[in-house]
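In what follows, a structure is listed as structure tokens, so that the remarks can point back to it.
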Amino acid sequence: MHQSIEIDEKIFQDAVKFYGTVFNLPPLASKIYSYLLFDYEKVGITFDEFVEVLSASKSSVSTSISLLLNAQLIIDHNKMDERKRYFFINDEYKKIRFEKIVQKMQDELKLLDDLNHFKKNHDNEYNERIDAYKALLNKNIENIQESLNKL
12 MHQSIEIDEK IFQDAVKFYG TVFNLPPLAS KIYSYLLFDY EKVGITFDEF
62 VEVLSASKSS VSTSISLLLN AQLIIDHNKM DERKRYFFIN DEYKKIRFEK
112 IVQKMQDELK LLDDLNHFKK NHDNEYNERI DAYKALLNKN IENIQESLNK
162 L
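Start counting the sequence shown at 12; every next residue gets the next number (the working numbering).
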């Protein structure tokens, strides 16, 4: 069997390092994700190709694929008359990722409000810094949501 897609080794290694860190992925999962980035034609990559190209055991590839599927970083599907599963980058993930970021910022804003309502003393300097921080969070939420609408 041969490789179905062409990759650039340097970009591949950079991607493995970057996505391993950004998504907190184990090395093999990061390699699978990075390999899929090169599937520009969306032909899909099979389980067997990952095993062969990445020189990894079937159980390791299986574990990594499950992790990536659960994290919604990749998707899979079967072609009509084949039993094989083909794996693809989840294009919706960019949107999902930023929706999660917005949710975390909104959760933090609520927590800051709750803490402020609970607080007994009113230190103006502290309040000004918190207000500035909340304004930053709100501005970022606004910017991200505006961009998400374009994705």
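Just so you know, even glycine gets a beta-carbon here, dropped at the ideal spot from N, CA and C.
Supposed close pair residue i, residue j - CB separation, criterion 8 Å
| i | j | result |
| --- | --- | --- |
| residue 72 | residue 64 | About 10 Å; that fails the 8 Å criterion. |
| residue 49 | residue 17 | 7 Å |
Which listed residue (the options) has its alpha carbon closest to that of residue i
| i | options | result |
| --- | --- | --- |
| residue 36 | 14, 131 and 77 | 77 |
| residue 85 | 107, 139 and 161 | 107 |
| residue 79 | 46, 22 and 89 | 46 |
| residue 138 | 25, 162, 124 and 81 | 124 |
| residue 148 | 116, 121 and 161 | 116 |
| residue 161 | 132, 119, 25 and 103 | 103 |
Identity of the residues DSSP links to residue i by a beta bridge
| i | result |
| --- | --- |
| residue 129 | Looking at the DSSP assignment, residue 129 forms no beta bridge with any residue, so it has no partner. |
| residue 96 | 89 |
| residue 167 | Past the edges of the chain, shown from 12 to 162, lies residue 167, and the structure says nothing about it. |
Length of the line joining the Cα atoms of residue i and residue j
| i | j | result |
| --- | --- | --- |
| residue 146 | residue 134 | 18 Å |
| residue 153 | residue 14 | 43 Å |
| residue 43 | residue 27 | 9 Å |
| residue 83 | residue 20 | 25 Å |
| residue 155 | residue 105 | 11 Å |
| residue 110 | residue 33 | 16 Å |
| residue 60 | residue 95 | 11 Å |
| residue 39 | residue 158 | 32 Å |
| residue 142 | residue 41 | 39 Å |
| residue 70 | residue 87 | 18 Å |
| residue 151 | residue 126 | 21 Å |
| residue 81 | residue 136 | 44 Å |
| residue 130 | residue 114 | 24 Å |
| residue 140 | residue 112 | 22 Å |
| residue 118 | residue 30 | 25 Å |
| residue 23 | residue 132 | 54 Å |
| residue 121 | residue 144 | 13 Å |
| residue 74 | residue 90 | 22 Å |
> Is there contact between the region 86–100 and the region 41–57, where contact requires at least three CB pairs shorter than 8 Å?
Replying inline: yes
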